[in-house]
Amino acid sequence: MHLYKCVDDLGDTLFIVFTLYCFLLAYLMPLLFMIYFYYGMLIRLFKQARAVRQTMIGRRKGVDEK
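Mapping the sequence shown onto full-length UniProt numbering, position 28 (from 1) lands on 28, and the numbers just tick up by one.
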């Protein structure tokens with residue numbers, strides 16, 4: 001019976017480079033993209049909420065004056 005196993009035979013430097021590359025590509029870049037796009041989405045939502053609030057205040061003033 002033959003048993004096969006997978007062994008990484010990387011040197012220390014290459015292993016560190018590979019680990020950092022995987023970390024950057026698989027974790028850090030998606031995290032930064034998510035932070036960037038969620039921040040933009042929150043800014044738009046707060047601006048829209050402020051605009052809706054101001055139009056509601058304007059409508060109330062118009063109703064109160066009549």
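Backbone N, C-alpha and C define an ideal beta-carbon position, used for all residues, glycine too. Bear in mind that the values here come from a model prediction, so they are computed numbers and not experimental data.
A straight-line Cα-Cα distance of about 19 Å links Leu20 and Val7. Annotated as distal: Leu10 and Phe23, with beta-carbon spacing of 8 Å or more.
The C-alpha of Arg59 lies about 41 Å from the C-alpha of Leu32.
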